[in-house]
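Notes follow once the structure below has been shown.
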Amino acid sequence: MHQELITAITEMDEETALALAGKLLDSGASPIEVLDDCKAAMEIVGKRFEAGDCFIPELIFAGDILAQIARLVRPRMAASGEVQHKIGKVVIGTVQGDIHDIAKDIVAFMLDINGFEVTDLGVDVAPEAFVEAAKANGAKIVGLSGFLTLAYDPMKDTVAQLRALDPGIKVMIGGGQMDEQVRAYTGADAYGKDAMAAIALAKGWA
Ligand code: B12
39 MHQELITAIT
49 EMDEETALAL
59 AGKLLDSGAS
69 PIEVLDDCKA
79 AMEIVGKRFE
89 AGDCFIPELI
99 FAGDILAQIA
109 RLVRPRMAAS
119 GEVQHKIGKV
129 VIGTVQGDIH
139 DIAKDIVAFM
149 LDINGFEVTD
159 LGVDVAPEAF
169 VEAAKANGAK
179 IVGLSGFLTL
189 AYDPMKDTVA
199 QLRALDPGIK
209 VMIGGGQMDE
219 QVRAYTGADA
229 YGKDAMAAIA
239 LAKGWA
């Protein structure tokens, strides 16, 4: 762990975080280690958010720093041969009518750095678009994110359409208003409360 980098991210010091990440990579640090630092930093930021010690703008900002570091790391992973063997394909998106994407982006990023090939469809994604993406890349795992009560029905519709495509596709749902009861309503296979749960579920299905 590189404590200086973790601190720069949790302190939202973008310039220092990016400079440190670049310096570490240039001096031969393993890209995986740098990503582990990012994961550790994000856990700290997430806990602060839960405790009410930081707010949405900070979450967005931390997410943006992570995305920039991820862009620095990816080509080095390819170059160093450290690309993990992809353990499965996941299609993810925020369902129709819902534009909340901070959490979905975190889940997509965490799945990516934990070895999944992630197709992120963005926000306000129609059921048909999930079906098309799963069909096109053969993903057997689909993640549906949603924060609104209004997202329940599009989720249910999306699950039904995915089942019609392939009854073997595993669907997980998550996001603010989601819980086990909503999972039962939508017919999804599992509900995950956070990105770590999403990774555990996807690994169980891969
Ligand atoms: C930020 C925010 C916004 C931002 C979104 C910015 C963005 N780019 O995402 C903005 C300001 C745009 C917004 C808009 C609206 N919002 Co809003 N918003 C929120 C807020 C405050 C935080 C959500 C968030 O990002 N949390 C941060 C994430 C990181 O935390 P997290 O949930 O713990 O994240 C984990 C899990 O969600 C999980 N997860 C997420 N997706 C998935 C997927 C899978 C597969 C799995 C396994 C796990 C998983 O993993 C994440 C990472 O660990 C919530 C309140 C809240 N406390 O949730 C309201 C909230 C969701 N919004 C709400 C509303 C009503 C709206 C609006 C309709 C407001 C309006 N009148 O215009 C619009 C909706 C527009 C639309 N069509 O979508 C309501 C929803 C109420 C309801 N019952 O439907 C809430 C609950 C606020 C409230 N209490 O009233 N919102």
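Going letter by letter, the sequence shown gives residues 39 to 244 in this note's numbering.
Ideal placement from N, C-alpha and C gives every residue a C-beta, glycine not left out.
Taking 8 angstroms as the cut-off, does the stretch 220-229 touch the stretch 147-157 (at least 3 CB pairs, one atom from each stretch)? Output reads no: the stretch 220-229 does not touch the stretch 147-157.
Is the Cβ-Cβ distance between Gly206 and Ala236 less than 8 angstroms? With a cutoff of 8 angstroms on beta-carbon distance, Gly206 and Ala236 are scored as not near each other.
On the DSSP bridge assignment, give the partners of Met154 in chain order. The question names Met, yet the displayed sequence has Phe at residue 154. The secondary-structure analysis by DSSP pairs Phe154 across a beta bridge with Gly126.
Quick check on the burial criterion: 16 or more other C-beta atoms within 10 angstroms. Buried or exposed for Ile144? By the neighbour-count rule (16 or more Cβ atoms within 10 Å), Ile144 is buried.
Can you tell me whether Met193 is buried or exposed, with buried defined as 16 or more other CB within 10 angstroms of its CB? Note on Met193: 16 or more other CB atoms within 10 angstroms of its CB, so buried under the neighbour-count rule.
Close-in-space but distant-in-sequence residues of the same chain around Asp51 (CB under 7 angstroms, 5 per side omitted): Closer than 7 angstroms at Cβ, skipping near neighbours: no residue.
In angstroms, rounded to a whole number, what distance separates the CA positions of Glu88 and Ile82? If I take the Cα positions, the gap works out to 10 angstroms.
Just to confirm my understanding: we take Val197, look at its own chain, exclude 5 residues before and 5 after, and list those with CB closer than 7 angstroms. What are they? Sequence-distant partners of Val197 (beyond 5 residues in either direction) whose C-beta falls short of 7 angstroms from its own C-beta, in its chain, are Val209, Thr224, Gly225, Ala226.
Can you check which of these residues, Gln134, Leu182, Val220, is closest to Ala163 by C-alpha distance? One detail in the question is off: residue 163 reads as Val in this sequence, not Ala. Each of Gln134, Leu182, Val220 was checked against the Cα of Val163, and the nearest Cα belongs to Gln134.
Per DSSP, Lys208 is paired with what? Partner(s): Ile179.
Within this structure, are the beta carbons of Ile125 and Ala238 separated by less than 8 angstroms? Contact flag unset, no.
Does the beta-carbon distance from Leu43 to Asp74 come in below 8 angstroms? No Cβ-Cβ contact shorter than 8 angstroms links Leu43 with Asp74.
Using alpha carbons as the reference points, say which of Met216, Pro165, Ala105 lies closest to Asp150. The option with the nearest alpha carbon to Asp150 is Ala105.
Suppose contacts are defined by Cβ-Cβ distances below 8 angstroms. Is Ile47 in contact with Ala100 by that definition? Yes; because the gap between Cβ atoms is below 8 angstroms, this pair is in contact.
Cross-strand partners of Thr132 (DSSP beta bridge): Answer is Ser183.
Here's the rule I'm using: 16 or more other beta-carbon atoms within 10 Å means buried, otherwise exposed. How should Met115 be labelled? Burial call: buried.
Confirm, please, whether the CB-CB distance from Leu203 to Ala171 is below 8 angstroms. For Ala171 and Leu203, no; Cβs fall outside 8 angstroms.
Would the C-beta of Asp204 count as close to the ligand B12, meaning under 7 angstroms from any of its heavy atoms? No, Cβ of Asp204 sits at least 7 angstroms from all heavy atoms of the ligand B12.
Reference Asp139; option with closest CA among Thr45, Glu71, Ser183, Ala240: The option with the nearest alpha carbon to Asp139 is Ser183.
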